[in-house]
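Student:
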Ligand code: GLU
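In this note's numbering, the protein residues as written are 77 to 369.
What follows is the structure, given as structure tokens:
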């Protein structure tokens with residue numbers, strides 16, 4: 077007997093779901109139904125400063141209103157920090173992580189200095205890649221800084237990590253922002269030495285998403301195109317941690333009339349605002365199939 081495909085919708089409870097989320101959730105739910113697969117809901121709430129229980133409650137309410145049903149229990153990432161910590165320790169044990177102490181302001185200053193001397197590379201989201209020197213510190217220097225109790229970020233040594241895995245690809249069943257499809261070459265180096273954890277949170281979006289997708293047996297990752305390039309980092313972590321490779325399907329993002337992607341701060345497209353205005357779940361389905369709201 078073949079095992080059924082497993083889909084998931086993985087929102088962060090840091091705002092109300094909008095039409096863009098509805099597109100993702102409905103696509104995953106419909107694909108699971110069409111293929112005789114399973115549909116999971118996962119709450120990505122590792123950022124305790126921005127996630128709130130009322131937003132989580134609203135996610136359940138809005139999805140149920142749309143007619144979506146999901147398996148119980150729902151996995152909440154904040155309840156599994158120790159597990160992500162184990163994956164982190166494995167990477168640390170292989171010498172692939174290093175602590176970096178620059179604050180966001182320090183990094184902005186370093187980037188300004190670099191940019192005075194020429195162009196400094198930016199990651200696919202437009203943020204400058206890490207310009208610091210902490211990767212080259214000796215063990216003694218690292219330990220001395222750790223002892224001082226200062227806040228730090230644990231960064232992945234991208235060059236060493238790539239040397240470990242070699243070239244990586246993924247299977248794209250949807251489409252990237254420039255029409256990429258089929259076998260896509262992963263280029264995690266475009267992100268530089270990404271942060272995988274911070275002193276106060278032993279994980280990050282990248283780390284917990286790959287650990288959970290593997291643990292929950294997710295076979296198909298279906299999500300918005302804004303995460304298309306992040307897939308390269310996910311493939312790298314899967315390679316380093318020996319985790320299976322799911323298929324990926326990135327869908328286009330819903331835009332507002334001015335060509336911006338919908339955001340949690342645009343209240344007019346929040347599902348609950350639409351519901352309060354008398355929009356029905358069927359109309360939401362129709363709206364999510366358009367490209368512009
Ligand atoms: N939690 C992420 C978000 O809300 C989505 C993660 C994913 O689908 O991989 O943007």
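C-beta atoms are modelled at their ideal positions from N, C-alpha and C, and glycine is treated no differently.
Under 7 Å from any heavy atom of the ligand GLU, does the C-beta of residue 278 make it?
Tutor: no
Student: Starting from the C-beta of residue 85, find all residues in its chain whose C-beta is less than 7 Å away, skip the five residues before and the five after it, and write them out in chain order.
Tutor: 100, 101, 104, 117
Student: If I measure Cβ to Cβ from residue 372 and keep anything under 6 Å in the same chain, skipping five residues before and after, which residues do I get?
Tutor: In the structure displayed, the chain extends from 77 to 369; residue 372 sits before or after that span and is not available.
Student: If you check the beta carbons only, do residue 90 and residue 123 fall under 8 Å apart?
Tutor: Taking the C-beta atoms as reference points, residue 123 is found nearer than 8 Å to residue 90.
Student: Helix, strand or coil for residue 183 per DSSP?
Tutor: If DSSP states are grouped into helix, strand and coil, residue 183 belongs with the helices.
Student: Return yes when the Cβ of residue 160 is within less than 8 Å of the Cβ of residue 283, no when it is not.
Tutor: yes
Student: Using a 10 Å radius around the Cβ and a threshold of 16 neighbouring Cβ atoms, would you call residue 188 buried or exposed?
Tutor: exposed
Student: Answer with buried or exposed for residue 153, where buried requires no fewer than 16 other C-beta atoms within 10 angstroms of its C-beta.
Tutor: Residue 153 should be labelled buried.
Student: Where in the segment 186-222 do unbroken runs of the beta strand (DSSP E), each at least 3 residues long, occur, reported from the N-terminal end onward?
Tutor: none
Student: Can you tell me whether residue 231 is buried or exposed, with buried defined as 16 or more other CB within 10 angstroms of its CB?
Tutor: buried
Student: For residue 177, I'd like the list of residues in its chain whose CB is within less than 7 Å of its CB, leaving aside the five on either flank, ordered along the chain.
Tutor: Correct list, in chain order: 210, 221, 226, 228.
Student: Helix, strand or coil for residue 170 per DSSP?
Tutor: coil
Student: Given the structure, does residue 89 come close to the ligand GLU, in the sense that its CB is under 7 Å from one of the ligand's heavy atoms?
Tutor: No, since every heavy atom of the ligand GLU falls outside the 7 Å radius drawn around the Cβ of residue 89.
Student: Check whether the Cβ atoms of residue 357 and residue 141 lie closer than 8 Å to each other.
Tutor: Contact flag set, yes.
Student: Should the segment 270-289 be regarded as contacting the segment 300-316, the criterion being three or more beta carbon pairs within less than 8 Å?
Tutor: yes
Student: What residues in its chain sit with their C-beta under 7 Å from that of residue 349, if we drop five residues either side in the sequence?
Tutor: 343
Student: Can you tell me where the alpha helix (DSSP H) holding residue 141 begins and where it ends?
Tutor: 129-141
Student: Is it true that the CB of residue 205 sits closer than 8 Å to the CB of residue 252?
Tutor: no
Student: Taking Cβ to Cβ, would you say residue 38 is nearer than 8 Å to residue 326?
Tutor: The structure shown does not extend to residue 38, since the chain is modelled only from 77 through 369, so no value can be given for it.
Student: Pull up the distance between the alpha-carbon of residue 248 and that of residue 223, whole angstroms please.
Tutor: 44 Å
Student: Quick one: grab the DSSP three-state call for residue 115.
Tutor: strand
Student: What does the alpha-carbon distance come out to for the pair residue 203 and residue 238?
Tutor: Answer to the nearest angstrom: the Cα atoms are 21 Å apart.
Student: Taking 6 Å as the limit between beta carbons, can you name the residues of its chain near residue 263, skipping five residues before and five after?
Tutor: 308
Student: Assign residue 160 to one of three DSSP states: helix, strand, or coil.
Tutor: Helix.
Student: By the three-class DSSP mapping on this structure, what secondary structure does residue 273 have?
Tutor: strand
Student: Spatial neighbours of residue 111 within its chain, please: CB distance less than 6 Å, with the 5 preceding and 5 following residues excluded, ordered by chain position.
Tutor: Leaving aside the five residues that flank residue 111 on each side, the residues in its chain whose CB is nearer than 6 Å to its CB run, in chain order, 81.
Student: Going by Cα to Cα distance, which pick from 339, 250, 243, 98 is closest to residue 366?
Tutor: 98
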